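Trainee: If you count by the numbering used here, then the sequence shown holds residues 9 to 434, one letter each, in order.
From the three backbone atoms N, C-alpha and C, an ideal C-beta is built for every residue, glycine too.
Just so we're clear, the structure is a prediction, and the values are computed from it rather than from any experiment.
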Amino acid sequence: MGLKGAILMQKYELGRLLGQGTFAKVYHARCVETGQSVAIKVIDKGKIRKADLLDQIEREISVMRLVRHPNVVRLYEVMATKTKIYFVMEYAKGGELFNKVVAQGKFPEDVVRKLFVQLMDAVEFCHSRGVYHRDLKLENILLDGDGNVKVSDFGLSALTESRRSDGLLHTSCGTPGYVAPEIIERNGYDGVGADIWSCGVVLYVLLAGYLPFHDRNLMEMYRKIIKGEYKFPSWFSPKLRRLVSRMLDPNPNSRISIAEIKAGCWFKGGNGIKGESVVSRGVAWGESNEKEARSLSNLNAFDIISLSDGLDLSKLFEESGLDKECRFILCKPASLIISRLEKAAKIVEMKVSKKDGGLLKFERSKESRDGAVSIEVEIFVITPVLHLVEVKRGYGDVVKYKKILNDVIRPRLVDIVRPSYGEVLY
Ligand code: ADE
Numbered sequence: 009m010g011l012k013g014a015i016l017m018q019k020y021e022l023g024r025l026l027g028q029g030t031f032a033k034v035y036h037a038r039c040v041e042t043g044q045s046v047a048i049k050v051i052d053k054g055k056i057r058k059a060d061l062l063d064q065i066e067r068e069i070s071v072m073r074l075v076r077h078p079n080v081v082r083l084y085e086v087m088a089t090k091t092k093i094y095f096v097m098e099y100a101k102g103g104e105l106f107n108k109v110v111a112q113g114k115f116p117e118d119v120v121r122k123l124f125v126q127l128m129d130a131v132e133f134c135h136s137r138g139v140y141h142r143d144l145k146l147e148n149i150l151l152d153g154d155g156n157v158k159v160s161d162f163g164l165s166a167l168t169e170s171r172r173s174d175g176l177l178h179t180s181c182g183t184p185g186y187v188a189p190e191i192i193e194r195n196g197y198d199g200v201g202a203d204i205w206s207c208g209v210v211l212y213v214l215l216a217g218y219l220p221f222h223d224r225n226l227m228e229m230y231r232k233i234i235k236g237e238y239k240f241p242s243w244f245s246p247k248l249r250r251l252v253s254r255m256l257d258p259n260p261n262s263r264i265s266i267a268e269i270k271a272g273c274w275f276k277g278g279n280g281i282k283g284e285s286v287v288s289r290g291v292a293w294g295e296s297n298e299k300e301a302r303s304l305s306n307l308n309a310f311d312i313i314s315l316s317d318g319l320d321l322s323k324l325f326e327e328s329g330l331d332k333e334c335r336f337i338l339c340k341p342a343s344l345i346i347s348r349l350e351k352a353a354k355i356v357e358m359k360v361s362k363k364d365g366g367l368l369k370f371e372r373s374k375e376s377r378d379g380a381v382s383i384e385v386e387i388f389v390i391t392p393v394l395h396l397v398e399v400k401r402g403y404g405d406v407v408k409y410k411k412i413l414n415d416v417i418r419p420r421l422v423d424i425v426r427p428s429y430g431e432v433l434y
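(1) Is the closest heavy atom of the ligand ADE to the C-beta of Met229 under 7 Å?
(2) I believe Gly201 touches Arg263 by the beta-carbon criterion, under 8 Å. Please report the beta-carbon distance rounded to the nearest angstrom.
(3) Taking only heavy atoms of the ligand ADE into account, decide whether any of them is closer than 7 Å to the Cβ of Gly217.
(4) Of the choices Lys374, Tyr94, Ile387, whose alpha-carbon is the least far from that of Tyr403?
(5) Since Val416 and Ala352 should fall inside the 8 Å C-beta cutoff, what is the C-beta to C-beta distance between them, to a whole number of angstroms?
(6) Alpha carbon to alpha carbon, what distance is there between Asn79 and Lys276?
(7) In this structure, how does DSSP classify Lys340 when only helix, strand and coil are distinguished?
(8) Just to check my reading of the structure: Lys270 and Val210 have Cβ atoms closer than 8 Å, yes? What is that Cβ distance to the nearest angstrom?
(9) Looking only at C-alpha atoms, which of Val119, Asp63, Thr89, Lys400 sits nearest to Leu215?
(10) Kindly indicate which three-state DSSP category Arg82 falls into: helix, strand or coil?
(11) Please report the distance separating the alpha-carbon of Tyr212 from that of Thr91.
(12) Contact check, Pro184 vs Pro258 under 8 Å by CB: the rounded distance?
(13) Taking the CB atoms as reference points, tell me whether Leu368 and Leu349 lie closer together than 8 Å.
(14) Rounded to whole angstroms, what's the CA-CA distance from Lys362 to Glu386? Just pull it up for me.
(15) Does the ligand ADE have a heavy atom nearer than 7 Å to the CB of Tyr99?
(16) Give the single residue among Ile346, His141, Phe388, Arg76 whose Cα lies nearest to the Cα of Phe370.
(17) Note the first and the last residue of the continuous alpha helix (DSSP H) segment covering Tyr230.
(18) Which residues mark the beginning and the end of the alpha helix (DSSP H) in which Ala2 is found?
(19) Report the three-state DSSP secondary structure of Gly199 (helix, strand or coil).
(20) In the structure shown, what three-state DSSP assignment does Arg57 receive?
(21) Terminal residues of the continuous beta strand (DSSP E) containing Phe95?
Next up, the structure:
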């Protein structure tokens, strides 16, 4: 029976069916009060109970709540009745990339590069938070109204078609085309490598218009995946071939990493121009991040934040449940923020080391008078004069961490917090 027209929890009016999988259906819906469009995934508890996945889904929901990125479909809320679980998610107006490829065939290389840059941003961000997708495919890559990537179902690996109760690897159309060899071989796999493989398949499909591994005979297809046996279309350039072949390396240990993908020439583009990503992660230590300065400085920095579609910064000011991280929006250049943080570290006798990707690590050894503690501070560039600073506890006592955060770090940043947010530190 269809659910169209039903009012869910007196809050959302369900509209048309957007998609259907083994365990779930996705509907368009509108918030009755605000009129806002959302997508609601309706999961049948009976089916997942049968497959023994209820506990895993509950765990994964709590993880998903932590993932907020402009290129990842946001999970707004989760509701449940006796028989169903409802995921209320961000609505991606452009729908599935899969339908676009079916309708128009392969995409131009420049368009693919922009999408791929956003996909890599999303995947790298989720991996940095310990969240893996494990079922990346064109059907899970959605587009918003402006053609930007929105990856759906990040963290919901319990629902992947590959875990169906018959134990075989299927997708809804019967092909395991995106799945990494180590998963087929059940070797015990790491989520990072498996996601990179699937992104390699996505890259190939977008540029070729068809899957790299296909065969009517399922076992033959598995064999090709395990051997990494596929052909390049004639229009794939040498740079692109190099990248795809490193992503579709059947050996997960030698497969390319995201950092290497990002450093490669295809990713950067023939003219050195990267695809767009909304917020760039990481400060280049000791450099003035000039590229960013040029591309963004014509805009009012604050407008960028409030207008950027996928980047709902108001949500940054909520207490973030499980991990006790806190975030500050600071309107000063990175060099000043770093110097403030270094001063704070000195006061509590912590050593500061600069890691790749804008990460600062504060550490105090167990030999010190006040005991061991470490703090990670990540600096995200929004514009050259606007940064998002995320502070997280590493190891050590929570009480000590909170004391350092509240008594030492916070007072040294309070005067450079973005003014209109007032006292937004938490
Ligand atoms: N199909 C599946 N999930 C969707 C979403 N969040 N937005 C639009 N279409 C979808």
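Mentor: Based on what the coordinates show:
(1) no
(2) Contact holds; Cβ gap of about 5 Å.
(3) no
(4) Lys374
(5) 5 Å
(6) 19 Å
(7) coil
(8) With a Cβ gap of about 16 Å, Lys270 and Val210 do not count as contacting.
(9) Val119
(10) coil
(11) 40 Å
(12) Not quite, the Cβ-Cβ distance comes to about 14 Å (not below 8 Å), so this is no contact.
(13) yes
(14) 10 Å
(15) Flag set: Cβ of Tyr99 near the ligand ADE.
(16) Ile346
(17) 226-235
(18) Absent from the model: residue 2. The displayed extent of the chain is 9 to 434, so no value can be given.
(19) Helix at Gly199.
(20) helix
(21) Residues 92-98.
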